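In the numbering used here, the protein residues as written are 1 to 323.
The next block holds one structure in the form of structure tokens; read it before the comments.
Right, dumping it as structure tokens:
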């Protein structure tokens with residue numbers, strides 16, 4: 001910890017007994033429990049709104065959420081003398097979810113269902129500083145970006161290996177992207193509060209008790225977008241094993257029934273080639289004089305998993321009766 005962090009912590013009503021550096025932050029042991037000090041680019045209004053939501057979350061032994069600690073001036077956002085902003089969170093104890101563990105994956109799915117049930121009735125009476133995410137517009141924008149990037153790559157005289165791979169892969173993935181856009185137009189899923197970035201990094205386990213952290217992306221949208229992200233990332237790591245994916249979906253639906261619109265929305269999101277869009281968008285927005293090998297490797301990994309994902313989607317469509 002340097003002078004800046006020490007200066008910030010002096011503005012909080014607790015004494016730090018021990019401190020360790022964790023991913024992008026400092027974990028503090030205090031007489032009142034664990035606290036996490038992290039830089040933030042959020043406004044005070046956004047942090048206060050977020051904290052009001054989290055303080056209303058139903059407290060029970062199964063699922064916990066983080067909340068913010070106010071400084072001695074009653075604010076959540078604290079600036080250092082060099083104008084860098086920080087916040088402090090009450091941090092739950094527990095180990096991070098293991099992405100390779102079936103038990104952890106399923107427990108994380110159950111936790112998401114409990115989280116969505118808890119968030120379902122919160123926040124509508126509070127003035128929100130965030131807008132509802134328009135997921136249809138987002139997919140359409142991504143599709144326009146794909147077409148623009150393909151046109152750019154075609155114009156390059158001396159094409160790199162990555163650029164040749166993009167052009168070779170484009171017809172297949174763009175067909176998927178267009179199909180997903182059509183499917184989303186046929187679905188009208190429920191709008192509510194979402195975590196916004198629900199991954200295994202944001203899950204802490206302590207026995208059967210779980211905690212969800214990092215609500216910095218929380219906002220109004222389709223809650224199933226959280227399930228989509230969690231399911232997709234786990235399926236990519238598990239080579240799109242349908243039995244595991246089916247079990248995850250069944251666990252979630254026992255807590256939060258999706259209905260026909262929800263299932264169609266989730267199927268459309270899984271159909272969309274988001275990893276392909278992400279890699280070509282990353283290529284397009286960086287210096288073209290330096291093409292990272294990692295982008296090419298990820299595109300080739302998509303090729304390896306393509307057949308498995310197609311099988312997964314076909315089995316899911318048959319399971320849900322989606323044509």
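Don't be surprised by glycine CBs; every beta carbon is placed ideally from N, CA and C.
Please read these numbers as outputs of a predicted model, since none were measured by experiment.
Outcome for residue i when other beta-carbon atoms lying within 10 angstroms are tallied against a minimum of 16
i, result
"residue 81", "exposed"
"residue 318", "exposed"
"residue 134", "exposed"
"residue 132", "exposed"
"residue 22", "exposed"
"residue 148", "exposed"
"residue 58", "exposed"
"residue 332", "A query on residue 332 cannot be resolved here, the shown segment of the chain reaching from 1 to 323 and no further."
"residue 46", "buried"
"residue 314", "exposed"
"residue 279", "buried"
"residue 225", "buried"
"residue 304", "exposed"
"residue 157", "exposed"
"residue 263", "buried"
"residue 293", "exposed"
"residue 24", "exposed"
"residue 273", "buried"
"residue 3", "exposed"
Cβ shell of residue i (< 6 angstroms), same chain only, five flanking positions each side left out
i, result
"residue 11", "71, 72 and 78"
"residue 92", "64, 204 and 211"
"residue 308", "239 and 240"
"residue 32", "14"
"residue 20", "27"
"residue 217", "196 and 197"
"residue 108", "97 and 203"
"residue 284", "149"
Neighbourhood of residue i by C-beta, 8 angstroms cutoff - its chain only, sequence neighbours within 5 removed
i, result
"residue 41", "85"
"residue 167", "150, 153, 154 and 159"
"residue 44", "75, 76 and 77"
"residue 296", "161, 162 and 165"
"residue 99", "105, 200, 233, 234 and 237"
"residue 311", "240 and 242"
"residue 7", "80 and 81"
Close beta carbons around residue i, own chain, < 7 angstroms, minus the five adjacent residues each side
i, result
"residue 268", "180, 183, 184 and 187"
"residue 191", "132, 220, 221 and 222"
"residue 5", "26 and 37"
"residue 30", "14, 15, 16 and 17"
"residue 90", "33, 35, 66, 67 and 69"
"residue 306", "none"
"residue 261", "187, 188 and 189"
Pick from the options that is closest to residue i, judged by C-alpha positions
i, options, result
"residue 36", "14, 52 and 221", "14"
"residue 215", "52, 276, 8 and 33", "52"
"residue 54", "195, 20, 104 and 321", "195"
"residue 221", "120, 25, 32 and 7", "120"
"residue 242", "176, 89, 143 and 320", "320"
"residue 143", "277, 322 and 283", "277"
"residue 189", "88, 265 and 197", "265"
"residue 38", "46, 28 and 17", "28"
"residue 281", "197, 298 and 202", "298"
"residue 87", "50, 173 and 103", "50"
"residue 193", "227, 95 and 231", "227"
"residue 301", "247, 8 and 169", "169"
"residue 322", "259, 274 and 306", "259"
"residue 62", "177, 229 and 111", "111"
"residue 102", "248, 274 and 261", "248"
"residue 176", "270, 83 and 284", "270"
"residue 122", "95, 56, 230 and 246", "56"
"residue 245", "213, 306, 316 and 275", "316"
"residue 173", "275, 230 and 229", "275"
Short CB-CB distance (under 8 angstroms) between residue i and chain D
i, result
"residue 200", "Checking the listed chains, one finds no chain D in this structure; it contains a single protein chain."
In chain order, each beta strand (DSSP E) run of at least 3 residues that lies wholly inside the segment 177-253: 192-194, 203-206, 209-212 and 219-221
Three CB pairs or more closer than 8 angstroms across the segment 275-289 and the segment 202-209: no
Cβ pair count under 8 angstroms reaching 3, the segment 139-151 against the segment 230-237: no
Segments assigned alpha helix (DSSP H), at least 4 residues, entirely inside the segment 24-87: 44-56
Stretch-stretch touch, CB-based, cutoff 8 angstroms, three pairs: the segment 102-116 with the segment 243-263: yes
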